[in-house]
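See below for the structure under consideration.
Residue numbers (full-length UniProt numbering): 1 to 232.
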């Protein structure tokens, strides 16, 4: 699919290896923007999460990083064509990212395949496998650019998410929010959406089911995402 239309913006994805997905839309709608002023989107891909954040909070300062040159071209065009062309984009590996600015919210839909077999598409491998951005490097990048009382929001498959949370806690981060996502009521948890905080806090826990037993979007998923989907 070359493009994906939302209510307030469009995503052209001719070049990006990783296309718009249910994961990305759900995560972009779930992230808490409360008290956020400066947001950094690590591995923005097509720019989806940055655009969703700006739609939800137009006053938010949004900066996006993308390692892949072709995906960055998609993101740049999507930002320019949107109501929020002021989104700042840097085409760079986050390991090399240096900023005088500090951020109170960092978000990422990161690579997560750590040891699985790779396909023949090298760019898709970079987008999906942790060789290009390990969990340790993502946590380290967050700590490097974080303001006091900053948050890191991430979506990952269940096992990888559990491992990431454990690793983040070893780095003195604290689990502020976590949502266990099921595709259907009779399946196990497939995804974790979670926010880590630099400050000690209580953990808010919730669950989300995407489809009901009839294969239709659940009321909770529709409620979460209806500001974005054209058909909701």
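Ideal Cβ positions, reconstructed from N, Cα and C, are used throughout, including at glycine.
Item: Residue 216 - DSSP class collapsed to helix/strand/coil; Value: coil
Item: Cβ neighbour criterion (16 or more within 10 Å) applied to residue 71; Value: buried
Item: Sequence-distant residues of the same chain with beta carbon closer than 6 Å to residue 122, five excluded per side; Value: Annotation note: pLDDT 49 at residue 122 (below 50); position unreliable, coordinate value reported separately. Taken in chain order, the list of residues that qualify is empty.
Item: Cβ contact (3+ pairs, closer than 8 Å) linking the stretch 148–165 and the stretch 95–109; Value: yes
Item: Close-in-space but distant-in-sequence residues of the same chain around residue 5 (CB under 7 Å, 5 per side omitted); Value: 230
Item: 3 or more residues per run - each beta strand (DSSP E) lying fully within the UniProt domain "Methyltransferase small" (36–116); Value: 38–42, 61–66, 88–91 and 103–108
Item: The stretch 11–29 / the stretch 91–105 touching (three or more Cβ pairs under 8 Å); Value: no
Item: Integer-rounded CB distance, given that residue 46 should sit under 8 Å from residue 13; Value: 5 Å
Item: Per-residue DSSP class, three states only, for residue 18; Value: coil
Item: Alpha-carbon to alpha-carbon, residue 69 and residue 127; Value: Unreliable placement is indicated for residue 127, whose pLDDT of 42 sits below 50; no coordinate value is reported for it.
Item: CA-to-CA distance, residue 102 to residue 95, given in whole angstroms; Value: 16 Å
Item: Counted within 10 angstroms of its Cβ, other Cβ atoms place residue 2 as buried (16 or more) or exposed; Value: exposed
Item: Cβ distance (whole Å) where residue 40 is taken to contact residue 63 below 8 Å; Value: 5 Å
Item: Where residue 23 falls: helix, strand or coil (DSSP); Value: helix
Item: DSSP state of residue 194 mapped onto helix, strand, coil; Value: strand
Item: Cβ-Cβ separation, residue 194 to residue 154 (assumed contact under 8 Å), whole Å; Value: 6 Å
Item: Same chain, Cβ closer than 6 Å to residue 206, neighbours up to 5 away in sequence not counted; Value: 179
Item: Close beta carbons around residue 139, own chain, < 6 Å, minus the five adjacent residues each side; Value: 168 and 171
Item: Burial state of residue 55, where buried means 16 or more other Cβ atoms lie within 10 Å; Value: buried
Item: Rounded Cβ spacing between residue 158 and residue 190 (contact assumed at less than 8 Å); Value: 6 Å
Item: Option nearest residue 59 by Cα separation, candidates 165, 75 and 86; Value: 86
Item: Residue 141 and residue 74 closer than 8 Å at C-beta; Value: no
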